[in-house]
Structure formats: structure tokens, C-alpha cells
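Asker: Number 1005 marks the last residue of the sequence shown (my numbering); no jumps. Glycine included, C-beta positions come from ideal geometry on N, C-alpha and C. What follows is a structure written as C-alpha cells; I'll ask about it next.
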Amino acid sequence: MKGYYGQYGGRFVSETLIRALDELEDAFKAFKKNKEAIKDLNYYLKNYAGRPTPLYFASHLSRHLGVTVFLKREDLLHSGAHKINNTLGQIVLARFMGKNRIIAETGAGQHGVATATAAALFGMNCKIYMGEIDAKRQKHNLLRMKLLGAEVEVVKKGSKTLKSAINEALRDWVKNVKTTHYLIGSVVGPYPFPEIVTYFQSVISKEAKRQIKNFIGRLPDAVIACVGGGSNAMGIFNNFVKHREVKLVGVEAGGKGLKEGLHSATLTKGRAGILHGCLSYLLQNSDCQVADVHSIAAGLDYPGVGPMHSFFKDTDRVEYGVCFDNEALEAFRLLSRLEGIIPALESSHALGWLVKNADRFKNQTVIINLSGRGDKDLGIIEDLEEIDV
């Protein structure tokens, strides 16, 4: 069924948006076939964003773990994270559709910064919604968005995190759909957004597949990525999914523990439900309401997940595990000191999961998607008194 991945996905939105989603789907299909539009996008990915990103052999970490570890360095992209792949893609798509206003939501701020960056590049009006809690813990990214010319609305109701920001962005889109493109930052939302974001992020695995073959002459034994909404994971998984010999691992935020309200491990502890326009795994309380969530990483602090991940879980194509706050922090410090690379707290969850499961991958080759850089998180680390700044 169109727009579904197994039983997951679909369009659970108001009637007002159905026409806009149909228009977006048709435009996306035409965009992919338009050689000039794709050439335009590839130019900016290479010359502005900085693709291809390196696949780096982490020799010190490999020796420490007894596992051959390669890092896909999305943290080296302009604006500091994989998010720029999708924002450049969707803004070129929005121009293709004749839209002149962009709205977006952000949690960790990386998607907001990437959206503001691409909007500035193309001279588009841009408004970004950010929860009050996220705005406080990612204040430097908030400042970056404003410097780039975006209007930032801090959402002070609801959970005051990414979930509330998405709610407000959807309300804006309903009111301004004729002139506005909603630039969703992850593989969530009503169809065709999961398909669009996956398409623009799949460049990560396209490059990684070629690069690892150049290094070792074959595909890796495993690919690991953190999962909040799931865009960086879908990006690095996409071109490996058909190769069943490659183990795929998605790592969720175990937070402070797996009791309700203390984590964001949607695929581990959730059940099917509807959030932000699609059916997917969802963290719910005993009254079937969306549960409170927590993660030390703002980008993972979300009660839902992209519908493709739910399908992969049910079909056992991807193993989903958890990494707790303290384990992510240990991995954050470990990579910083061993390799001179400060990872985002989101990416540190993938690293932390590998550290505690290293025995399963002894003498194997693993790729970890380093989705973003960690300088945005130094305020969080300082507040935790993890380092003396």
C-alpha cells in the first residue's frame, strides 16, 4: 500500500494537508527525474556542504576495543552534522516547487542550524520552532540560527521539547501551506516525508559503501547508528539494507533507565501508535497518551520514530538496542581522548553501545555513523561538571 512500510507510515493529518502532501509527492517524483535539479543539488553538496565526507579508520579506538572501527565523518560537514544533506535537498526541492518560505522544527538545534544555513544560502524566508527546554540546553545553536537570519519561535507549552516544536510547525503549515514548505528534519511525519528525507540522507551510505570497499575490499560486518527520529540511521543503512550479511544496529537513548519518563527508547519499549501524522512505534503511558521522554542528547529526546525503523524492527532486519546516559558520556570522553574527535552526544550513543558490546564484534569490521560534532554539547557537559572548563 502506497506510503506504508508494512503496517507503518501513512498520512494521519487534517484534510487541509492532504492536497499539499499530494503536491509534494508529485513534485518529489518529478524532482528525482530532473537532471538539472539533481545537478544543482550535487553541486551544493560537494562545493558548499563538503561531500564526500571521509570514512576514517579509528586505529586507537580499534586497538582499545579489539574491533576494526571506521567512522563516517558527517560531523565534518558544513554546519556540523548530517542534517545539511536533507536541508539542502529539501530547499532545492522547495525552489523547484515555487515555494518561498521555509518552516522547520529542531531539538538538538543541528537541524535548525542546517535549515537556517540553507535558507540563507538561497535567500528564503525561514522560521524555526524550538522547545523552551531545548532552547536553553542548545543556546549556542539558537544564536547561530538567529545570526543566519532565521526567525526562531521558542515553544513554551506542552513538553517544551522536539515534540512540542513539531506540533507548532504543523499548525503553521496548515495555515500557510500555499506559500510554505515544511522542512521536516527526520524520517518521520506523513508520507512522503519519510521517503524524501531517506532519499536525501542516503548519500551517506552510498559513499560509505564505496569507501569501505576501497579500504578492505568488501562490505563491513556491521553498521551502527544512533536513532531518535532516525534520519542519520536511515542514511547510513539505506544502501546496506539489501546486503543481509551486513548487520545493522540502531541505538536508542536509554536515558537514566527504562522506566517510563526516564528514556527515549521508542522501539525498545514502545508500541504502535500515531504521532505527527504517521503510524509507528510510540512511547505511551498507561492511558495511551504520549509518554514523557528523556535523553541527555537533545536530538534523541523524542517519543516517536520513523515508520521504516518500525518495519525493520518487526522484520528483524535491524537490531535495536539502548545506550544509557552514563554510557554515552563515557563514549564521548573515550573518543575525544583516543582519536581527538569530540562527537555529538547523539553519536556517542552509537559509540557507547559498541563499547559495551565489543566482545560480539571481535576481529570484525564496523562502521559507525558519526552524525554530528560535539562542541554544541559542551554546555551540557559543563553543567554536569564532567570537565573543568
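Specify whether the stretch 757-768 and the stretch 658-677 touch according to this definition: at least 3 beta carbon pairs, one from each stretch, less than 8 Å apart.
Answerer: Result no; under three Cβ-Cβ pairs closer than 8 Å.
Asker: Going straight from the alpha carbon of Thr722 to that of Ser695, what length do you get?
Answerer: Distance between the alpha carbons of Thr722 and Ser695: 14 Å.
Asker: Around the Cβ of Ser896, are there at least 16 other Cβ atoms within 10 angstroms (buried) or fewer (exposed)?
Answerer: With 16 or more other Cβ atoms within 10 Å, it is buried.
Asker: For Thr796, does the count of other Cβ atoms within 10 angstroms reach 16, so buried, or fall short, so exposed?
Answerer: Classification for Thr796: buried.
Asker: Give the range of the alpha helix (DSSP H) segment to which Lys651 is assigned.
Answerer: It spans Lys651 to Tyr660 - the alpha helix (DSSP H) in which Lys651 sits, taken as one unbroken run.
Asker: Return the residue from the list Gly728, Cys742 and Thr684 that minimises the CA-CA distance to Ala710.
Answerer: If we check each option's Cα against that of Ala710, Cys742 comes out closest.
Asker: For Gly990 and Phe948, which I take to be in contact (beta-carbon distance under 8 Å), what is that distance rounded to the nearest angstrom?
Answerer: Sure, about 6 Å apart at Cβ, within 8 Å.
Asker: Any heavy atom of the ligand COA closer than 7 Å to the beta-carbon of Glu946?
Answerer: Absent from the structure shown: the ligand COA. Ligands present: none.
Asker: Rounding to the nearest angstrom, what Cα-Cα distance links Ile719 and Ala785 in this structure?
Answerer: Approximately 7 Å between the Cα atoms of the pair.
Asker: Please list, in chain order, all residues of the same chain as Val1005 whose beta carbon is under 6 Å from its beta carbon, the five residues on each side excluded.
Answerer: The predicted position of Val1005 is uncertain, since its pLDDT is 43 and thus under 50; a value taken from the coordinates is nonetheless stated next. If we look at Val1005 and ignore the five residues flanking it on each side, its Cβ neighbours are Glu998.
Asker: Between the Cα of Val729 and those of Leu954, Asn702, Met713 and Asn716, spot the shortest distance and give me the residue it belongs to.
Answerer: Cα-wise, what sits closest to Val729 is Asn702.
Asker: Are the Cβ atoms of Met746 and Val768 separated by less than 8 Å?
Answerer: The answer is yes: Cβ separation under 8 Å.
Asker: Roughly how far, in whole angstroms, is the beta-carbon of Ala824 from the beta-carbon of Ile983, given that I think they are within contact range, below 8 Å?
Answerer: With a Cβ gap of about 6 Å, Ala824 and Ile983 count as contacting.
Asker: Please classify Leu758: does DSSP put it in a helix, a strand, or coil?
Answerer: Helix.
Asker: How long is the line joining the alpha carbons of Asn792 and Thr632, rounded to whole angstroms?
Answerer: For Asn792 and Thr632, the distance between alpha carbons rounds to 11 Å.
Asker: Identify every residue that forms a DSSP beta bridge with Leu764.
Answerer: Answer by DSSP bridge pairing: none, since Leu764 is not bridged.
Asker: Buried or exposed: Arg627, going by 16 or more other Cβ atoms within 10 Å of its Cβ?
Answerer: Buried, since its Cβ has 16 or more Cβ neighbours within 10 Å.
Asker: Along the chain, where does the beta strand (DSSP E) containing Gly747 start, and where does it finish?
Answerer: Residues Asn741 to Gly747.
Asker: Enumerated in chain order, which unbroken segments of the alpha helix (DSSP H) with a length of 4 residues or greater are wholly contained in the stretch 642-723?
Answerer: Here the runs fully enclosed are 651-660, 675-681 and 699-713.
Asker: Can you grab the Cα-Cα spacing for the pair Lys779 / Ile996, in whole Å?
Answerer: About 20 Å.
Asker: Helix, strand or coil for Glu861? Go by DSSP, reduced to three states.
Answerer: If DSSP states are grouped into helix, strand and coil, Glu861 belongs with coil.
Asker: If you measure from the beta carbon of Leu661 to each beta carbon in chain B, is any gap under 8 Å?
Answerer: Of the protein chains in the structure, only one exists, and it is not chain B.
Asker: In whole angstroms, give me the CA-to-CA distance for Val629 and Leu1000.
Answerer: In a straight line, the C-alpha of Val629 is about 40 Å away from that of Leu1000.
Asker: Ala665 and Leu704 look like a contact to me (Cβ under 8 Å); what is the Cβ gap, rounded to whole Å?
Answerer: Correct: roughly 6 Å between the Cβ atoms.
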